[in-house]
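Anchor point for the sequence shown: position 224 equals 224 in full-length UniProt numbering, and the numbering is continuous, going up by one each time.
Think of the CB as a built atom: it goes at the ideal place given N, C-alpha and C, for glycine as much as any other residue.
Note that this is a predicted model, so its numbers are computed, not measured.
Right, one structure below, let's go through it.
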Amino acid sequence: MAILFDLIRQRAALLSLAMLASAGAAVLGLAPLLAIYTLALEIMGDAPDRQAIHAVVFWTALAMGGRWLLLFLSNNWSHMAAYALLFDLRLRIADRLTQLPLGFILTWSSGDLKRVLQEDVERLEMVLGHTLTDVVAAVTLLIGAGIVLVWMDPIMAAAAFAPLPVAIGLQAMLWRGSHDTVEAYTQAAGRMNAAIVEFIRAIPVIKTFGRGQTSMGHLKRTIDDYQGIVVAFSSAMVPAWVGFMVALGSGLLFVLPIGGWRLLSGAIDGPTFILFLLLGVGLMQSLVQIITFGNHMRTTLASIERVRGILDAPTLAGGAITTPPASLDVSFSHVSFSYGEKKVLDDITLTCPPGARTAIVGPSGAGKTTLAHLAARFWDPQQGAISIGGVPLSDYAPETLVRLTASVFQDVFLFHDTILANLRVGAPDATREQVIAAAREAQIHDFIMTLPDGYDTVLGDRGARLSGGEKQRLSIARAILKDAPIVILDEATAFADPVNERRIRTALERLCRDKTVITIAHRLSTIQDADQIAVLDDGRLVDVGRHDILLTHCAVYQRLWSAYTSPWDGGNGSAAHPPHSQPGFAARQGEVR
Ligand SMILES: Nc1ncnc2c1ncn2[C@@H]1O[C@H](COP(=O)(O)OP(=O)(O)OP(=O)(O)O)[C@@H](O)[C@H]1O
């Protein structure tokens, strides 16, 4: 709720004006009813005054014009405020996302992040742009007209408001019973959305493997689940909701007999009776708007909670050191790391010497990627410290740390922009000539020159028009251009054709020249000449050494190597590919930060 008030405060002036205009429009909305009352007084009076009748028509028309103007202004102002707030909030979330550890962002699916940025933020528009002013109008009408009615005849006013306790009681029943159901509904809707997104993404796999029925099964289950909850929700809510609506319309049951009795007894006149029939009965409908506001607020508060999940997530503390370190070694000192309760790295102490290549190997799930992510500061370890040149990563200013490392990971992201802009991501000031030189070294220049606009060709959505190998080489070109002294690589597991593989190997050899390199190795042939190989097993560092030495005494490495060199998969997924005659790098895909 605090975040909502905080947002409202930022556009308080505009929203207040919108609410005032809405309240004014509501008051003016009473004009036709009062006109009927006044006309009835004139017409039923002894000597109807033509001039007075004309005046009533004139003032009513003026009031209607004024109401139109106030509604127009109220809508305009509330929407201006709402969209400005939405814009601010989206920027705040986007800004926060850039400050949050990458590891945190990787735990969210892109569908969930999109939902927060788009649907959850959009929900505020409904409240701020529409229902807030509607509810102000409804409350104004209810209170304003209530005062007028009580002033005219308290007994008749009591008759008009008689259904109110019943309506409120039924609404309270609805609210009390619905909390768990609304929660279940929200979760079922979330599961169904996620299943739909997954299904759409999986269509190529489904078509390739002919798993249509199986994949549809999960989607169908989530839709059935959602439908079941909606039907149960409706059945549980309908009786009370219908009762509420009937109660709202039942004012006539009280106003008609009591009004008739008071009219006949001379306590009220005809025009007053007519006014109570019109106003007293119609007034209750304002409650619907108030209830709608309450319902919108409930779903909006759930959205705000999700927004807060991002805005309140802890960022990594950045230090103040901006000078590059004298030495470019990367050291892990007694590092332990857990994802939630699950410990995946345990007391790792390892130094990656400057200008040397350290390969990390181990069975699948041993923690290789996590260790590389920690070196790139996706997360901070819960225990121990990671340092560059003896300075803990957290002591560096974030921009300095970004300049010190280039990461090439498996998921390549290419912006919907020109190739030139995509290559300049890590080096915005690079000249065109420097970009071309980097592309040449990454073995991608010739391909770029075959594109219609060369370096100015705009890439499709997520680089869809490029092959996997082309994307990899573009990402390596980015890293070469960035020219960071420390390179963190995640070799991917996908095969490349021999020509592409040779190109990638050449590009990576160029990228890693004279750099401190930490590489996650999936193909052991590529790391036989690494300066040191760190062997991980089940989150622990079991050995560090060169290939030949490890082969003589490290049981885990021997197992990996034997599985790797066996003609059949020895049961270890990460090292089951046949060795290549030439050692070198074979990273497949990569994203450069
Ligand atoms: N975001 C995450 N949340 C929870 N657990 C995770 C997360 N990322 C990885 N893990 C778990 O941590 C362990 C180590 O994973 P990691 O990816 O570091 O291993 P790896 O050695 O790189 O594996 P592979 O060779 O299969 O890629 C695994 O058990 C994995 O399931």
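| query | Any heavy atom of ligand 1 within a distance shorter than 6 Å of the CB on A421? | reply | no
| query | Cα separation between A397 and P324? | reply | 10 Å
| field | For M126 and S119, the rounded distance between their alpha carbons | value | For the record, residue 119 in the displayed sequence is Glu; it is not Ser. If you take the alpha carbons of E119 and M126, they lie about 11 Å apart.
| field | Same chain, Cβ closer than 6 Å to I480, neighbours up to 5 away in sequence not counted | value | A438, E441, A442 and L511
| task | Would you mind giving the Cβ-Cβ distance between Q285 and L248, rounded to the nearest angstrom? I have them listed as a contact below 8 Å. | result | 6 Å
| field | Beta carbon of A302 nearer than 7 Å to that of D531 | value | no
| task | Pull up the distance between the alpha-carbon of V330 and that of G129, whole angstroms please. | result | 53 Å
| query | Using a Cβ-Cβ cut-off of 7 Å (strictly less than) and excluding sequence neighbours within five positions of A40, which residues of its own chain qualify? | reply | G270, P271 and I274
| said: Can you confirm whether the segment 252-264 touches the segment 88-104 when touching is taken to mean that 3 or more C-beta pairs between the two stretches lie within less than 8 Å? | reply: no
| task | Answer yes or no: do D456 and T405 have a C-beta to C-beta separation smaller than 7 Å? | result | no
| field | Spatial distance of A12 from D88 (CA atoms) | value | 14 Å
| request: Would you mind reading off the limits of the beta strand (DSSP E) that contains R540? | output: R540 to G545
| field | Distance between beta carbons of T358 and F332, contact taken as under 8 Å | value | Incorrect: roughly 10 Å between the Cβ atoms, too far for contact.
| Thinking C-beta only, is L170 closer than 7 Å to A240? | yes
| said: Could you check if K368 belongs to the surroundings of ligand 1, using beta carbon to heavy atom distance under 6 Å? | reply: yes
| query | I think R306 touches V116, with their Cβ atoms under 8 Å apart; what is that distance to the nearest whole Å? | reply | 5 Å
| message | Would you say the beta carbon of S407 is closer than 6 Å to some non-hydrogen atom of ligand 1? | response | no
| Proximity below 7 Å, CB of L345 to CB of S336 | yes
| request: Over the uninterrupted alpha helix (DSSP H) stretch that includes C352, give me the two end residues. | output: No alpha helix (DSSP H) holds C352; the beta strand (DSSP E) holding it covers K342 to C352.
| request: Output the distance between the C-alpha atoms of L414 and I444, rounded to the nearest integer angstrom. | output: 15 Å
| query | Based on Cα-Cα distance, which residue from E341, T322 and D347 lies nearest to H334? | reply | D347
| query | Can you tell me whether DSSP reads R357 as helix, strand or coil? | reply | strand
| Boundaries of the beta strand (DSSP E) in which I386 is found, first to last residue | Q383 to I388
| task | Kindly examine ligand 1 and report whether one of its heavy atoms sits closer than 6 Å to the Cβ of S178. | result | no
| query | If we count the other Cβ atoms within 10 Å of its Cβ and call it buried at 16 or more, is V231 buried or exposed? | reply | exposed
| query | Closest to K515 by CA distance: which of P485, L489, I504 and V458 is it? | reply | P485
| field | Closest Cα partner of G280 within the set T292, S265, I268 and S250 | value | S250
| Which one of T450, A61 and L100 has the shortest CA to CA distance from D312? | L100
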